[in-house]
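Below you'll find the structure, written out as structure tokens, and then a few comments.
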Amino acid sequence: MSAAARLRPATQDDVPLITQLIRELAEYERLAHTCVADDESVAENLFGANPAAEVVLAFLGEELAGFALFFENYSTHLSRRGMHLEDLFVREHLRGKGVGKLLLSHLASLAVARGYGRMEWAVLRWNEPAIRVYDAIGAEPLSGWLTYRLTGDGLKRVAV
Numbered sequence: 009m010s011a012a013a014r015l016r017p018a019t020q021d022d023v024p025l026i027t028q029l030i031r032e033l034a035e036y037e038r039l040a041h042t043c044v045a046d047d048e049s050v051a052e053n054l055f056g057a058n059p060a061a062e063v064v065l066a067f068l069g070e071e072l073a074g075f076a077l078f079f080e081n082y083s084t085h086l087s088r089r090g091m092h093l094e095d096l097f098v099r100e101h102l103r104g105k106g107v108g109k110l111l112l113s114h115l116a117s118l119a120v121a122r123g124y125g126r127m128e129w130a131v132l133r134w135n136e137p138a139i140r141v142y143d144a145i146g147a148e149p150l151s152g153w154l155t156y157r158l159t160g161d162g163l164k165r166v167a168v
């Protein structure tokens, strides 16, 4: 019999685990070359004076199974706060055991409890396993939208 999944909010003591999962996610997404996260930056940005996001950790038994990193946003159309799910990751050997769906369900419960109007996230087009999970829970892709990003020198060039 497999162990039941359990979730808990991350604490500052979990920084090395969070950093490890961020790096594993970057590898999975084929973006390891862009990942500069380290324990110091993760600690400052998640547990410093002005936390940028929240993290929920998932475990199967005592084994670290995955995480979700999310933050509050705002919808002008709904005139309500919402939740942006930046990262959802389940370690490869633990996929298919309901951990991802449990994380999504937990975040949806948090969003409802906090009075948020919506929850949104992005997924890489090639990530069919994740897309199947999102379709299965009734999430809808946003047709007609493109995601844009400015980073590094491009961001500095546009800055006034």
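In the numbering used here, the protein residues as written are 9 to 168. C-beta atoms are modelled at their ideal positions from N, C-alpha and C, and glycine is treated no differently. All of these numbers come straight from a predicted model, not from anything done at the bench.
In the DSSP assignment, the residues bridged to Tyr82 are Arg89. Distances from the CA of Trp129 to each of Asp22, Asp161, Ile139 and Ala45 were compared; the closest alpha carbon is that of Ile139. The C-beta distance from Leu111 to Leu15 rounds to 7 Å, short enough to meet the 8 Å contact threshold. Per the C-alpha coordinates, the member of Val166, Leu158, Leu118 and Glu70 positioned closest to Ala11 is Glu70. When C-beta atoms of the segment 53 to 70 are compared with those of the segment 137 to 152, fewer than three pairs fall below 8 Å, so the two segments do not count as touching.
In the structure shown, Pro137 falls within a helical segment according to DSSP collapsed to helix, strand and coil.
With fewer than 16 other beta carbons inside 10 angstroms of its own, Ile145 counts as exposed. Taken atom to atom, the span from the alpha-carbon of Arg31 to that of Thr42 is near 10 Å. Taking 8 Å as the upper bound for CB-CB distance, Ala76 and Leu93 are in contact here, some 6 Å apart. A contact between stretches requires three or more CB pairs, one per stretch, nearer than 8 Å, and the segment 34 to 51 fails this requirement with the segment 77 to 87. Taking C-beta atoms under 8 Å as the contact rule, Val64 and Gly108 fail to qualify, at a distance of about 12 Å. For Leu72 against Leu115, the beta-carbon gap comes to about 18 Å, at or over 8 Å, which does not count as contact. Here Leu86 has Gly125 and Arg126 as same chain residues with Cβ atoms under 7 Å from its own Cβ, once five neighbours each way along the sequence are excluded. Here Arg99 is buried, its C-beta having at least 16 other C-beta atoms within 10 Å.
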